[in-house]
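Take a look at the structure below.
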Amino acid sequence: MKLICPSCGAIASAESWNNDTNCRETLLVISRLPAPLPKAALGYLSLFRPGQQSLTWKKALRLALEVEELTGKGFVHIQGRIDRDCPARIWAQAMEQMVERRGSLSLPLPNGHIYLSKVAYDLATETTRQTETKADAAKTYTRTRPADASLDPLEKARRDWDARNAGQADTIHLSSIPPIIKGMK
69 MKLICPSCGA
79 IASAESWNND
89 TNCRETLLVI
99 SRLPAPLPKA
109 ALGYLSLFRP
119 GQQSLTWKKA
129 LRLALEVEEL
139 TGKGFVHIQG
149 RIDRDCPARI
159 WAQAMEQMVE
169 RRGSLSLPLP
179 NGHIYLSKVA
189 YDLATETTRQ
199 TETKADAAKT
209 YTRTRPADAS
219 LDPLEKARRD
229 WDARNAGQAD
239 TIHLSSIPPI
249 IKGMK
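Using the numbering used here, the first residue of the sequence shown is number 69, and each one after it goes up by one.
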């Protein structure tokens, strides 16, 4: 049985994959990642493949360990900004977005996982914004039934006003309001 690495394109038998220490360790590190990260991480590692060459297992192991450390924190940190909660699904989305943008990226990726962190930060910020919007909407109180007249002293006056003026125009003519101050016209 021959296996093809989706990250580097190497073709080898299953036994030979297991015989290479770096390969075995890389696959173990990737398999330890929480779902849905393993699949996304394999595609992400391919972004570090140099030109027409294959990615060495030593470099793949180093990158996989860095990804494990980065995603294992549960948050994303960008210097000078507030840390954001970043679960595995957001890291996976960030990796998938980068793989989709492969054509617009300068490959192989030069320095660590800075761009991945920026993409994950943007996704985490948007997720936080949506969560806060939903929470704020849930906190907003709207009256579902009319106020009890015993609790709101003006409620009876409002109901009387509505009953007297039902169907009339919204404009109020000053001539219909009795003068309160003597001599006011």
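The beta-carbon is built from N, C-alpha and C at its ideal position, and this holds for glycine as well.
Buried or exposed (CB count within 10 angstroms, at least 16 for buried), residue i
i: T139; result: buried
i: R170; result: exposed
i: L71; result: exposed
i: S185; result: buried
i: A108; result: buried
i: L222; result: exposed
i: A132; result: buried
i: L123; result: buried
i: R232; result: exposed
i: L129; result: buried
i: L105; result: buried
i: R152; result: buried
DSSP beta-bridge partners of residue i
i: A80; result: L71
i: F116; result: Paired residue(s): none; F116 is not in a bridge.
C-alpha distance - residue i paired with residue j, whole-angstrom precision
i: K141; j: A225; result: 60 Å
i: L175; j: L110; result: 16 Å
i: N86; j: R157; result: 29 Å
i: M166; j: Q120; result: 19 Å
i: E194; j: D230; result: 45 Å
i: A80; j: W125; result: 13 Å
i: A168; j: D220; result: The question names Ala, but residue 168 is Glu in the sequence shown. About 59 Å.
i: L101; j: A78; result: 22 Å
i: Y183; j: K207; result: 36 Å
i: P155; j: A234; result: 56 Å
i: S172; j: Y112; result: 14 Å
Would you be able to state if there are at least three C-beta pairs under 8 Å between the stretch 141-150 and the stretch 111-118? Under the three-pair Cβ rule at 8 Å, the stretch 111-118 does not count as touching the stretch 141-150.
Quick one: complete alpha helix (DSSP H) runs, 4+ long, within the stretch 152-235? Here the runs fully enclosed are 156-168, 182-207, 223-232.
Are three or more beta carbon pairs between the stretch 120-140 and the stretch 81-101 nearer than 8 Å? A contact exists between the stretch 120-140 and the stretch 81-101.
For the stretch 180-192 against the stretch 147-167, do three or more pairs of beta-carbon atoms, one drawn from each stretch, fall closer than 8 Å, so that the two count as touching? The stretch 180-192 vs the stretch 147-167: in contact.
Beta strand (DSSP E) runs wholly inside the stretch 122-151, at least 3 long, in chain order: Counting whole runs of 3 or more residues, the stretch 122-151 contains no beta strand (DSSP E) stretch at all.
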